[in-house]
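Structure first, then comments.
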Amino acid sequence: MKKYIYTVILLILTILLIDYAYYQKGIYIDINKNSEAEYFAKTFNDQILIKEGNSFETMTIKGVNLGSGIPGEFSTQYAVKRE
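In my numbering, the protein residues as written are 392 to 474.
Structure, rendered in structure tokens:
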């Protein structure tokens with residue numbers, strides 16, 4: 392039973408050490424050193440480009456303002472006037 396407990400404790404400590412080295416110190420082992428990084432999006436000036444096939448297309452972000460204030464005003468200001 393002692394061997395089992397020692398093995399489990401050693402395994403847990405090893406996992407914690409690897410976790411600390413990877414996430415806190417940034418130490419990692421690169422298995423594929425010669426491979427290039429793959430990406431599907433990039434930026435150019437003020438545009439966001441998404442990969443479509445072999446080329447990059449401009450991505451348009453559409454959204455809805457769900458804030459409680461009038462657009463262009465802070466929600467804590469009283470933007471509505473009597474006029």
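Cβ atoms here follow ideal geometry from the backbone N, Cα and C, with glycine treated the same way. Computed from a prediction, not measured in an experiment: that's the story for all the values here.
Mind checking who residue i pairs with in its DSSP beta bridge?
i      : result
SER446 : GLU443
LYS433 : LEU440
Starting from the Cα of residue i, find the closest Cα among the options and give me that residue.
i      : options                           : result
GLU429 : PHE435, ILE420, ASN436 and ILE441 : ILE441
LEU457 : ILE403, ILE406, SER466 and LYS394 : SER466
PHE435 : ILE418, GLY460, GLU427 and PHE447 : PHE447
Got a sec? Which residues, its chain only, sit under 7 Å from residue i by beta carbon, not counting five neighbours each side?
i      : result
SER426 : none
In its own chain, which residues sit with a C-beta less than 8 Å from the C-beta of residue i, not counting the 5 before and 5 after it?
i      : result
GLY460 : SER466, THR467, GLN468 and ALA470
Please work out which residues of its chain come closer than 6 Å, Cβ to Cβ, to residue i, disregarding the five sequence neighbours upstream and downstream, and give them in chain order.
i      : result
ALA432 : ILE441
ILE418 : ALA412
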